[in-house]
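Engineer: At position 493 of the sequence shown (counting the first as 1) the number is 542 in the working numbering, and the numbers step up by one without a gap.
Yeah, the Cβ is synthetic: ideal placement off N, Cα and C, and Gly gets one too.
Below is the structure I would like to discuss, written out as structure tokens.
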Amino acid sequence: MGSISRDYSVPAESKRALKDMILNHPGHKDLPAQCHKYLDLVKFSGHDEPRMAINWRLAESIASLKGLEAILINHLLVEKYGIAPQEIHINTDHAQLFLMSAIICEVSPKDENGPIQPTELRELNKAHSKYFPSWDLHEQVSSNYRKSVTNIYKARDGRCFHLHASLNPDPSLRAIGLPRDIPDLDTVESSWEPFFDKIAEKDAIEWDQQLNEGAKQAATVCWTTGEYANTEQGKATEHIGLYQIHPYLDPALRSGWWRSVESTSVERPLAGLKIVDFTRIVAGPSIGRSLAELGASVMRVTGPHIADFSGLHPDLNWGKWNCHLDLREPKDKFKLKELLWEADVVVNGYRPYVLDKHGVGYEDIFNIGKERGRGFIYVRENCYGWVGPWSHRSGWQPISDACSGVSMGFGRAMGNDEAVTPVLPNSDYCTGVAGCCAVLQALVLQAKDGGSYLVDTALNYYNRWLAERIGEYPQDVWEEVWNRNGREVFRNHHNMNFTLPRYMKMFQREGLFDLNFFEVRSSGALGGLKLRVPKPVLKFPPGTVTLRYNVGTRGNGVDQPRWPEDLNTEVVK
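Encoded structure:
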């Protein structure tokens, strides 16, 4: 990781991470040479001392990633608009709020100038179901017991093993031999007991094979960082940085920028760019949301029969129309092709190769590009990466944290040799920023060389970079922030449902929720509903880039599956 000064500074370390751990990363030698020239235009500020009682350097991680985004925006501004690169400011205290933006979103704030009162994710549907209807089609959160499917339990060999419900706990429950529900377990603590007993019946590696390869469910042994690096999967992906861009050059696919509209400008640099978004939960959706912030138009596609986590929609559906298409139906496949015909970018966050059977794999999309004479940028996001023996596996943020060694690192920092999920959906949001950066880089490549571009992103790509490049706080720095926050110790079975409320209180006490970093937005699609949310992280000079969204947030299936003539149309009817 390199040496760290004893006089620790989060902003200074963020700048160092941007230079040494990203721009000089051997997996990112394909970054434009100009990126190094723009480094000193990214200015970091904020509190020197860490403020989150988590051993991993999460603030430095997200701030440096946002720094890469700033550099690549500057690169696009220079190449497309011919202006000088801009000085861009990042406050590291502000940047770390990006990692929890879904969690600290406040729907219909009672006092817009008072302390932040986040709307609890899983209660949101009860209080605001008119605006964000529930898509919990499989009763994932209907009882404490079903919620506890997603958790870390000790196996027979003493190893920690991460079970996961995905959006439907039933297959995992069947696979391990437990009943669908035990509703009379009326406390969180009692709901863990059946899983303690069941997972203790076999070794962790047996459960790993049974669930992943047998039942095709998300699960993993909780490896250390060194153990993961020595797995066949770790070895297969060791050369990869935060993302990979694969050019598919073809002289028949013309070079140039996307089609401009009236608002395409320095102020809204991605205006006119059309993105079809096949994503759910956090990592995939955050890619499209970041691009929408820069002016892109995003049509998110879900199926009316597909489960989703509606509590995330207030945060992650900003800037997106949301339509329903059932890709089992020929008429809806035709509508999708019409959407794709005009699109520039496709983002696929579903389980590896699921969309291929519906004709939405990258090869299918690139063939559409050949038909029309203009290429695509196709972003695919998964858990384990796109090469190696586990590349086909399903996974989510806590699974990646556990697989890559991040969870073991957090547990050990608190004094126990066990894995604990490090509280925030950090790897989700950071993978989203990586995906956004990859698209910005690919857009300039496409403008110069034409062709289509396949972008590979993965939660494990990010988490390995975090563990091996960014790393943990020096012991004295960690001890200081841990002591300041009460030195709480969490155990392996304390999942995010348990730890988040406790960390929210710590964050409040530490003053993380500075009102200067929040704004109140209203969604026209929801009748002017107000939400108090974190502001965009990057701060540009006046008169240059303006970060905002063309349309407001909403739930699923609100819009018709077509591109409106006016890309500022609030609801597509």
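#1: For P318 and I139, which I take to be in contact (beta-carbon distance under 8 Å), what is that distance rounded to the nearest angstrom?
#2: Is it true that the segment 320-340 meets the segment 155-171, where meeting means three or more beta-carbon pairs spaced less than 8 Å apart?
#3: Taking G437 as the reference, which of Q282, E238 and P585 has the closest Cα?
#4: Would you report the Cα separation of D56 and V482, rounded to the nearest angstrom?
#5: Could you tell me whether the segment 360-369 touches the segment 610-620, where touching means 3 or more Cβ pairs closer than 8 Å?
#6: Can you give me the C-alpha to C-alpha distance between C485 and C479, rounded to a whole angstrom?
#7: Could you check whether V403 and I426 sit closer than 7 Å to each other, using their CB atoms as the reference points?
#8: Closer than 7 Å by C-beta to E552: which residues in its own chain qualify, once you throw out the five before and the five after it? Chain order, please.
#9: List the residues that DSSP assigns as beta-bridge partners of V676.
#10: Suppose you measure from the CA of E118 to the CA of N397; what does that come to, to the nearest Å?
#11: According to DSSP, is P243 part of a helix, a strand, or is it coil?
#12: State yes or no: is the C-beta of A264 within less than 7 Å of the C-beta of P228?
#13: When DSSP labels each residue in this structure, what does S58 get in the three-state scheme?
#14: Any contact of the segment 169-176 with the segment 570-578, i.e. 3+ C-beta pairs under 8 Å?
#15: With C-beta atoms as the reference, is C271 less than 7 Å away from S453?
#16: Let me check understanding here. Comparing Cα to Cα, which of G131, K129 and Q135 lies closest to L88?
#17: Considering only residues of the same chain and omitting the five flanking positions on each side of Y511, which have a CB-CB separation below 7 Å?
#18: So, with DSSP's three-state summary, where would you put T286?
#19: Do P585 and E342 have their CB atoms nearer than 7 Å?
#20: Which class does W527 belong to by DSSP, given the choice of helix, strand or coil?
#21: Please state whether DSSP places S157 in a helix, a strand or coil.
#22: List, from N- to C-terminal side, the beta strand (DSSP E) runs of 3 residues or more that fit wholly inside the segment 124-198.
#23: Mind listing, in chain order, the continuous beta strand (DSSP E) runs of no fewer than 3 residues lying wholly within the segment 537-605?
#24: For the beta strand (DSSP E) containing A268, list its first residue and its last residue.
#25: Is it buried or exposed for I225, if we count other Cβ within 10 angstroms and need 16 for buried?
#26: Ignore the nearest five residues each way along the sequence and tell me which others in T602's own chain have a CB closer than 6 Å to its CB.
#27: Anyone know if the C-beta pair for F556 and T548 falls short of 7 Å?
#28: Any Cβ of chain C within less than 7 Å of the Cβ of M463?
#29: Once the 5 residues before and after P401 are set aside, which same chain residues still bring their CB inside 7 Å of it?
#30: Quick one: Cα of K588 to Cα of A320, how far?
#31: Could I get the ranges of all uninterrupted beta strand (DSSP E) runs contained in the segment 415-480, with 3 residues as the minimum, in chain order?
#32: Which partner residues of E255 appear in the DSSP bridge assignment?
#33: Taking the C-alpha atoms as reference points, what is the distance between M149 and T313?
#34: In this structure, how does DSSP classify R229 when only helix, strand and coil are distinguished?
#35: Quick one: give me the first and last residue of the beta strand (DSSP E) that W390 is part of.
#36: Should I448 and A267 be called a contact, given that it needs their Cβ atoms to be closer than 7 Å?
Structural biologist: With the structure as the only source:
#1: P318 to I139, Cβ: 18 Å. No contact.
#2: Output reads no: the segment 155-171 does not touch the segment 320-340.
#3: The alpha carbon of G437 has as its nearest neighbour, out of Q282, E238 and P585, the alpha carbon of Q282.
#4: CA-CA distance, D56 to V482, rounds to 29 Å.
#5: When C-beta atoms of the segment 360-369 are compared with those of the segment 610-620, fewer than three pairs fall below 8 Å, so the two segments do not count as touching.
#6: The straight-line gap separating the alpha-carbon atoms of C485 and C479 is approximately 10 Å.
#7: Going by beta carbons, I426 and V403 fall outside the 7 Å limit.
#8: As written in the sequence, residue 552 is Tyr, which differs from the Glu given in the question. Counting only Cβ-Cβ distances below 7 Å, and skipping sequence neighbours, we find V472.
#9: Any answer about residue 676 is impossible in this case: the structure gives the chain only from 50 up to 622.
#10: Take the alpha-carbon of E118 and the one of N397: they are about 20 Å apart.
#11: In the three-state reduction of the DSSP assignment, P243 falls in the helix class.
#12: When the beta-carbon positions are compared, A264 and P228 stay at least 7 Å from each other.
#13: Coil.
#14: No, they do not touch.
#15: Not a contact, by the Cβ cut-off of 7 Å.
#16: Distance from the Cα of L88 is smallest, within the candidate group G131, K129 and Q135, for Q135.
#17: Counting only Cβ-Cβ distances below 7 Å, and skipping sequence neighbours, we find L291, S476, C479, T480 and A483.
#18: Reduced to three states, the DSSP call for T286 is coil.
#19: Taking 7 Å as the Cβ cut-off, P585 and E342 qualify as a contacting pair.
#20: Taken through DSSP and simplified to helix, strand or coil, W527 comes out as helix.
#21: Per DSSP, reduced to three states, the secondary structure at S157 is coil, with no helix or strand assignment.
#22: Listed in chain order, the beta strand (DSSP E) elements of length 3 or more contained wholly in the segment 124-198 are 137-140.
#23: If only uninterrupted beta strand (DSSP E) runs of at least 3 residues are considered, those enclosed by the segment 537-605 are 567-572 and 578-583.
#24: Looking at the DSSP string, the run of the beta strand (DSSP E) that includes A268 is A268 to V270.
#25: Flag for I225 reads buried.
#26: Shown here for T602: same chain residues with a beta carbon closer than 6 Å to its own, the five before and five after excluded, namely P363, N366, W367 and S572 in chain order.
#27: No, the Cβ-Cβ distance between F556 and T548 is not below 7 Å.
#28: Among the chains in the structure shown there is no chain C, since it carries only a single protein chain.
#29: Once the five neighbours on either side are set aside, the close Cβ partners of P401 are N431, S440 and H441.
#30: Rounded to whole angstroms, K588 to A320 spans 19 Å at the Cα level.
#31: Taken in chain order, the whole beta strand (DSSP E) runs of length 3 or more contained in the segment 415-480 are 426-431.
#32: E255 is not bridged to any residue.
#33: Distance between the alpha carbons of M149 and T313 is about 31 Å.
#34: Coil.
#35: From DSSP, W390 is part of no beta strand (DSSP E) but of the alpha helix (DSSP H) over P379 to E391.
#36: Yes. Within cutoff.
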